[in-house]
Each structure stands twice: as structure tokens, then as C-alpha cells.
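J.: Numbering (UniProt numbering), first residue to last: 1 to 263.
Here's a structure for you.
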């Protein structure tokens, strides 16, 4: 489904806790993906580096997208926590500089490198590898919905490679306390706020994500007043990638501000 990616979080998020930057519980996207689960971990697992996946696959379309997510399944709640992800336009299987269309139903051996990770997973967690052909609105969809087949046999192996930390560090570096420069003495005229609302039109099968940001109104020490708001709307039909639409409106203004005192 084209709305796979609901729990992706924002691209290049700033990490603010009250902003919807972070990825959510991945179960909603896992339900729209092909998933492979491990047995519960018998011991703690420490990962440091870049996980990668070697997949043997074929596609029924000349242009297809592949999103691979590595998740950790919490043992008590079964929540799916995003650990790392990697995305590949399959027409780039040989080169990003010179894309080439896929031969329909031909088996390719594809390597996908996931994002860097530094994490310790406790015993009892399970690993989940989730594979999908859409990840909206994190990435733009392929022009046609594609069915990608993962081949699992000895002649066409598919492998997950984890950057396991084999040994623990015997010593830890001593760090001084962090030094932070004093902030500007600003005056807040209007507080910032944000809303992120997702709706689904069941009649037309259209998923809409609307993010409204108000970065507030702030008076800086140099006498300038800064006011900024924005609205981003992402729409796509559940089974029609060519219906993808993005509309972003940003309003920002800087106003010289002076206070005149009369005696």
C-alpha cells in the first residue's frame, strides 16, 4: 500500500520532543510490509555500525522502490521500535549516476546499506526485518505499483548482516562537563506550537497528512521581530502512486521594532 511509511517520522528531524520528528511504533507499517522475525535474543546484543541486507529479488515493473527497516520487538508490549532503515531505488542497483530499468521478473542480487546504529538490545527482544515497496511521504513513490518478490533458497540467498560489537571497551574516556554559550535574551511575543493530523478518505482511498507549524513570534535584542508559520500537506491514493501530491506553504517575516519613550 502506498501509505506505508505512516510511522516514519520526519526527514531530517531536529529531535525536538514535542515535535513529531521521531519515528512512531512501527507496527502500523510492519502490517503493510513483508516481515521476518528472529527468535528472542538469548543474550544482550550490541550493534555499532551500518547493518546491511543482501536480497535476491525480482520485480514485475521496470521501476521499483525498496525500503528495508530493522526493528526491535519489545518482549512485553510487542511494540516495534525502529533501529535502522535503508531505501533504494532499484533502478540504481548498479549505479546512482547511471540508472537502468529492471528486466521484468529477472532475479537480481541487491545490497542495501541501512543507516548507522549504536544500540544495545537486551535479552528477550526479537529482531524484525521489514521490507516494503513504498515509504510515503519519506520518499517519492515509483510511477507504478510494483510487486517485488524476495527469493529464499540456496541458489538465491538473502542475508541480514549485523555490525555486532564483539568486545566491550575496557576503559572509558573522561569527558569534561559540556560548555554552553549563554542564549540570546529574547522576548517571546507568541509561543510556538505544532500539530500533525493524518486522515483517510475511505471513499476515495486517499491518505492525507497535514503538519501545521507555528514557530512563534520573537523579539531579538537587535530590535527585529521574527514571525514564522508553515503548513505542509501530503496526499496519496492508497493504490495510486501517481496521485502523490505535496503542498508546502511557509510564511516568514522580519519586522524592525523600536520602542519610543516620551517624557
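For each residue, glycine too, the CB sits at the ideal point set by N, CA and C.
#1: Relative to the C-alpha of residue 257, which candidate in 117, 74, 227 has its C-alpha closest?
#2: Where does the unbroken alpha helix (DSSP H) through residue 250 begin, and where does it stop?
#3: Bridge partners for residue 193 per DSSP, in chain order?
#4: With burial defined as no fewer than 16 other Cβ atoms inside 10 Å of the residue's Cβ, what is the status of residue 67: buried or exposed?
#5: DSSP three-state call for residue 90: helix, strand or coil?
#6: Is the Cβ-Cβ distance between residue 185 and residue 221 less than 8 Å?
#7: Distance check for residue 236 and residue 242, CA to CA, integer angstroms please.
#8: Quick check: residue 73 and residue 25, are their CB atoms within less than 8 Å of each other?
#9: Where does the unbroken alpha helix (DSSP H) through residue 27 begin, and where does it stop?
#10: Roughly how many angstroms lie between the CA atoms of residue 134 and residue 142, to the nearest whole one?
#11: DSSP state of residue 63, grouped into three classes?
#12: Within the continuous beta strand (DSSP E) that includes residue 35, where are the two ends?
#13: Please classify residue 118: does DSSP put it in a helix, a strand, or coil?
T.: According to the structure data:
#1: Measuring from the Cα of residue 257, the nearest candidate turns out to be 227.
#2: First-last for residue 250: 240-256, but that is the beta strand (DSSP E), not the alpha helix (DSSP H).
#3: 214
#4: Counting Cβ neighbours within 10 Å, residue 67 comes out buried, since at least 16 surround it.
#5: helix
#6: yes
#7: 8 Å
#8: no
#9: 27-30 is the span of the alpha helix (DSSP H), which, as asked, contains residue 27.
#10: C-alpha separation (whole angstroms): 8 Å.
#11: Three-state result, residue 63: coil.
#12: 34-37
#13: strand
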